[in-house]
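Residue numbers (the numbering used here), protein chains in the order written: chain A, 1 to 117; chain B, 118 to 231.
Where a beta carbon is used, it is the ideal one built from N, C-alpha and C, also for glycine.
What follows is one structure encoded as structure tokens, with my remarks underneath.
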Amino acid sequence: NAGVMQNPRHLVRRRGQEARLRCSPMKGHSHVYWYRQLPEEGLKFMVYLQKENIIDESGMPKERFSAEFPKEGPSILRIQQVVRGDSAAYFCASSPPSGGPSTDTQYFGPGTRLTVL
Amino acid sequence: GQQLNQSPQSMFIQEGEDVSMNCTSSSIFNTWLWYKQDPGEGPVLLIALYKAGELTSNGRLTAQFGITRKDSFLNISASIPSDVGIYFCAGLLISGGGADGLTFGKGTHLIIQP
Numbered sequence: 001n002a003g004v005m006q007n008p009r010h011l012v013r014r015r016g017q018e019a020r021l022r023c024s025p026m027k028g029h030s031h032v033y034w035y036r037q038l039p040e041e042g043l044k045f046m047v048y049l050q051k052e053n054i055i056d057e058s059g060m061p062k063e064r065f066s067a068e069f070p071k072e073g074p075s076i077l078r079i080q081q082v083v084r085g086d087s088a089a090y091f092c093a094s095s096p097p098s099g100g101p102s103t104d105t106q107y108f109g110p111g112t113r114l115t116v117l
Numbered sequence: 118g119q120q121l122n123q124s125p126q127s128m129f130i131q132e133g134e135d136v137s138m139n140c141t142s143s144s145i146f147n148t149w150l151w152y153k154q155d156p157g158e159g160p161v162l163l164i165a166l167y168k169a170g171e172l173t174s175n176g177r178l179t180a181q182f183g184i185t186r187k188d189s190f191l192n193i194s195a196s197i198p199s200d201v202g203i204y205f206c207a208g209l210l211i212s213g214g215g216a217d218g219l220t221f222g223k224g225t226h227l228i229i230q231p
């Protein structure tokens, strides 16, 4: 399966704990995007990364949230000191390198459902 | 920021009927994408549109990128039970710094009555 992989699929945390969400892009894709989805809502863009670079983090909350996409390994979305309002589904998407066909097309993973107790 | 108005919010139709939904925006987009999301899953890409006026089909699905680049529609012909789900439009604006994140509509819930 060469699709976007996310883990864990479900994550439960108590208020104040840290949440780490992982995303492995599709093979050959070098762009990673993170989105958040609240119940009955569309997805909201959070951050766009390429290897070792944050390209656009305009949708990221200013505090407690961070993202990285290291040279080796998956992209990580990290939420520190979680609060109940962080409960949501977090989706990762990937797209091919710039300049190739279908550069703009983003393919989504199955998501991580975060529940904060 | 950009906003997408997607309508209708929900549709109750009979199996075999055709379906039409659309998205409009106050901003111009370079790319329009249509996704379907099943409960507990991520969005699955249905159709991608890259040029104004483009009309693209994928089986029983047809989508068009509006000439003004501010709207798009998705049609589903002869609906079947597995078409049930939430359909999202998404627009992408390419800025000088490269591709940005997608802007999503709020979704159209499609419910099919046998």
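Quiz item: Does any C-beta atom of chain A lie closer than 8 Å to the C-beta of B:Y234?
Solution: Only positions 118 to 231 of chain B appear in the structure, and residue 234 of chain B is not among them; the question remains open.
Quiz item: Using a C-beta cutoff of 8 Å, does B:E158 count as contacting chain A?
Solution: Counting from one through the second sequence, the residue named residue 158 of chain B turns up at place 41. Under the Cβ distance rule, B:E158 counts among the residues neighbouring chain A, one pair being separated by less than 8 Å.
Quiz item: Of all the beta strand (DSSP E) runs that stay within the bounds of the region 4-74 of chain A, which reach a length of 3 or more residues?
Solution: Correct list: 5-7, 10-13, 19-24, 31-37, 43-50, 53-56, 65-68.
Quiz item: Does the distance from the C-beta atom of A:F108 to that of B:P160 stay below 8 Å?
Solution: For the purposes of this step, residue 108 of chain A is taken as the residue at position 108 of the first sequence. For the purposes of this step, residue 160 of chain B is taken as the residue at position 43 of the second sequence. Against a cut-off of 8 Å, the Cβ pair of B:P160 and A:F108 comes out as a contact.
Quiz item: Which residues in chain A sit within 9 Å of B:K223, going by Cβ to Cβ distance?
Solution: Against the second sequence, residue 223 of chain B aligns to sequence position 106. Under the 9 Å cutoff, chain A gives E40, E41, G42.
Quiz item: Excluding five sequence neighbours on each side, which residues of the same chain lie with their C-beta closer than 6 Å to the C-beta of A:P10?
Solution: The count along the first sequence starts at 1 and reaches residue 10 of chain A at position 10. The sequence given here places His at residue 10 of chain A; Pro does not occur at that position. Sequence-distant partners of A:H10 (beyond 5 residues in either direction) whose C-beta falls short of 6 Å from its own C-beta, in its chain, are R113.
Quiz item: By a C-beta neighbour count over all protein chains shown, 10 Å radius and 16 as the cutoff for buried, is B:Q131 buried or exposed?
Solution: Against the second sequence, residue 131 of chain B aligns to sequence position 14. Exposed: under 16 other Cβ atoms inside 10 Å.
Quiz item: Between which two residues does the beta strand (DSSP E) harbouring B:D188 extend?
Solution: Within the second sequence, numbered from 1, the residue matching residue 188 of chain B stands at position 71. Element bounds for B:D188: 188-193.
Practice problem: Establish whether the CB of A:Y90 and some CB of chain B are separated by less than 8 Å. | Solution: Working through the first sequence from its first residue, we reach residue 90 of chain A at position 90. So no, A:Y90 is outside the interface.
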